[in-house]
Each structure stands twice: as structure tokens, then as C-alpha cells.
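Written out below as C-alpha cells is the structure these notes cover.
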Amino acid sequence: MLTNEQLAHEILLNPDFELTMSKGTNLEERVREVAIQDFFETIREEFNQGKYEFWFPQLVADIKNWLLELVSRWSPMYELLTDVIDIELISQQLKSGTYDIPKLMKFITESMLDICAPVRDQAIRNIQKMTDLASVFQCLVEILQDMKLDLANYQVNMLHPLIQEYGIAYEKEKFNLALSNRTITLERTTKWLCECAYDLRSPTHGGQVSNIRFDIVYYKAILSTIFSMTVIHHENCPETLTLDVERLYEYQNESQAITIVAALLMLSKNIVPEFRKNPVEVEKLRDRLFVLLKDPGTILENLTVQLIDSLSQVSSSKNLTRENQELIRSMVDKTLSSKDPVYMLLSRRISKILLQHLSTGHFPLSGELVGHGIEDVSSQLQVLSRKLVILANHNREVYAAHYNKIIHECIREGH
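And the structure:
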């Protein structure tokens, strides 16, 4: 469930943001689906026996309540729904066998057509053609859930201009209030920024306090989170980034996948030189590797088989030697380790590209990517980089006062 603050934050970072139905795991979804089917099968058996007194009023009452949530309390439709769908009267007439069920179902679907977005019209008209009452109710429930989501997204869309104008101030106010109430501290944020500030004071970075730019400290800190081998979660996340934990986790996975694919493509070109001259096959392999890495069920052997298959297609002999196949297996195994020299090298290069985009506002030209050996993943890297720039700029605008104070104190204490 999104809080008001989280909702405003998502709208600010993603103008195309829409609410969606939350889904559980595959197992949870299967259990839910079976339970729903069993529930409506029980209802179907009752209806087929002409027994409407128990389930029919309950289902109609639920549908009535959902419909009332979709219309204004002061609208004629609200009054009409309240008057026509009289649950007490329906129950009485069902017991006496005088209630006109088809007439009510027609009223409900016609009312839904008046209320719903045009995109739902056809689905509702399809229900009007159905003859199995249990299936009608099941479909009505599904469409009403979609209609509730449509209404929620319409309301979110109406909030966009207001949130764009006042969202930054709102986030500042909420965070500062939490600080003053001591419901949060800046302990993790301070540690996060100071570690980067101290690192920039090291001899490898020049060692001069006067040379340290506050914005670079901040950008380095952001990148240290993205490229950390420690999975980010609420307990280790800087307090100023708690609204973005899931987003940062996603970026961690994306950066890791980009690095792995770049490394595998680079090594593939070394194993099969012909691969360098076939950009179409390089692109195909790249896309397949990204798909595999996104699948949680992918194992080492899946990647190995894909590489062997793709490289065999371009090999002059059309068949890799056993030694080359074993080399590929070893290469994949090593590359999936964050301690692999090639992986570490490309990870640093990708981080450098992202830092350049963050600090200049411009993504590097393709020639620079070629020089770093990451040109084959340029499109994926650019997508990640743009998202990271949006997040970093927004976050810095909200928390700049806190960041500047923390970085200043870190540098002064370390002087």
C-alpha cells in the first residue's frame, strides 16, 4: 500500500506512473486462482439447482458497494444504484421466487457502461451475452476491480500538476518533520557520504581538500550504492533514500546485468575473432543474455549453452572445439563473480560513464564507449543512466541542505 508521500514521490520521478494490481509470487497467484475457481464453482452448483437465496444477495451487495465507490455520492447515478439495488427487497423476492434476476443483471451492466472508461466497454458487452450466472458474477468482479484501478489512475493523473509544483517542498517538509520528531536520524546518510568524502581525499584522488567538489562526493556516494555487492534494503539504506529502496535495488540488478553482458561479449570476441565482424549476431546474443539474466530461474549452464550456440553460428568451422567450450564455461563462471578482473574492470568503466553523465548532464559519445569496450551495451547503459540522473537530481534537490552540511563537516574533520 502506497503512502501519500510515496505516491507523490513516484509521480515526481515518473510522469508516466500508474497504479497497478499488486501480484504475489507465482505460487501465491496459482493458489489464489484455484481458490477463486473453487469459490465460483460452488456458486455455480447452487445456481444450477435453483438455489439463489444465499449467494445471490451477497454477491449483488458487493457489486453494489463497488459501483457506489465509483460514482459521486451526490450524483443521480448514486441515488439510482441505491434505490434499484435494494438487497432486503431482493432477498425477500428470491425467497418467494418472484425476483427478476435477468432484469437486475442488465441494470448492473448498463450502469457499468455508463460509469466505465471506454476501454472497458467491450468486456462489459461480452458479459451481457453470457448465460452462466456464476461466470457473469466472476467477470463482473474482475472488471469492477479494473474500473476501480482506472478511477484511481484518473485521480492520480489529476494530481500531477499539483505534485509537480509542490512535491519537492512536500518531501522536504515531511523529512524535516520526521527529523525534528526524532523518528529518523541522519546516521546512515552521514556514514554513506563521509566514506566517499574520505575516499576522495586519498592520494589516488589528489588528496587536496580544496579540490573536493560536494556534488562529486554525492554522485560517488550514489554510485557506491548502485555498484555495491551488498544488496540494498531498508535497514542499510541512507535515510534520505528510503523512498527509493526498491528503485535502487532494481538499478543494482541492472548495473550488474550490464557489466556481466559486456564482459561476456568482450570475452566472446576474444575466443571467436569472427564474432567481432558480425554486429547482428553480437546484438542477438546481447539481447538473449539480458533476457536470461532477468529470469530468476537462469543457471550457469543456461548462459554457457547460449554462448556456445551463438559463437558456433559465427565460427568459421561452425563448431567450437571442446577446449573452447570448456573455456567458455570457465569464462562464464568467473565473470559471474564480482571479483573477476574483467568484471571489476568493466564495472569501474561503467561507473565512470555514469559519473560523467551525472556530473555533466550529458551521456558520453559512442567513441568513448568504444574506448572502454562497452559499446555493445550502450543502449541499456543509457537507459539506466537516464533513470539514475533523474533520481539523483531529484534527491539532491530535496536533501541538498543536509548533504552540504554533512559533507562540509566530514571534510573539515578529516582535514
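My numbering puts the first residue of the sequence shown at -7, with every later residue one more than the last. We put the CB at the ideal spot given by N, CA and C, even for glycine. Bear in mind that the values here come from a model prediction, so they are computed numbers and not experimental data.
- Around the beta carbon of THR327, 16 or more other beta carbons sit within 10 angstroms, so the residue counts as buried.
- Within the model, the alpha-carbon separation for LEU373 versus LEU361 is close to 10 Å.
- Inclusion of SER216 and ILE342 in the CB contact set at 8 Å is not warranted, their separation being larger than that value.
- Residue environment: VAL128 is assigned as buried (16 or more neighbouring CB atoms within 10 Å of its CB, all protein chains considered).
- Between VAL209 and ILE28, the gap from beta carbon to beta carbon reaches 8 Å or more.
- In its chain, beyond the 5 residues on either side, PHE99 have a beta carbon closer than 7 Å to the beta carbon of VAL76.
- Here the region 159 to 178 makes no contact with the region 343 to 361; the two share fewer than three CB pairs at distances below 8 Å.
- Cβ atoms of ILE119 and LEU136 stay farther apart than 8 Å, at about 11 Å.
- The three-state secondary structure of PRO230, taken from DSSP, is coil.
- The alpha-carbon separation between GLY359 and GLU61 amounts to approximately 57 Å.
- In chain order, ILE100, LEU132 and LEU136 place their CB closer than 7 Å to the CB of ILE55, counting only its own chain and leaving out the 5 sequence neighbours on each side.
- The C-alpha of ASN18 lies about 10 Å from the C-alpha of ARG24.
- Inter-segment contact for the region 224 to 244 and the region 254 to 268 is absent: fewer than three beta-carbon pairs are separated by less than 8 Å.
- The C-beta separation of LEU11 from LEU141 comes to about 6 Å, placing the pair in contact by the 8 Å criterion.
- SER329 and ASN149 have their C-alpha atoms roughly 44 Å apart.
- By the criterion of a C-beta distance shorter than 6 Å, LEU59 is surrounded in its chain by LEU73, once the five residues flanking it on both sides are discounted.
- Residue range 47 to 61 is occupied by the alpha helix (DSSP H) that includes ILE55.
- Here the region 268 to 276 makes no contact with the region 378 to 395; the two share fewer than three CB pairs at distances below 8 Å.
- Cβ contact annotation for VAL297 (same chain, cutoff 7 Å, sequence separation greater than five): none.
- When rounded, the separation of the alpha-carbon atoms in ASP113 and ALA249 is 42 Å.
- Here GLN305 has GLU273 as same chain residues with Cβ atoms under 8 Å from its own Cβ, once five neighbours each way along the sequence are excluded.
- Residue range 292 to 306 is occupied by the alpha helix (DSSP H) that includes SER304.
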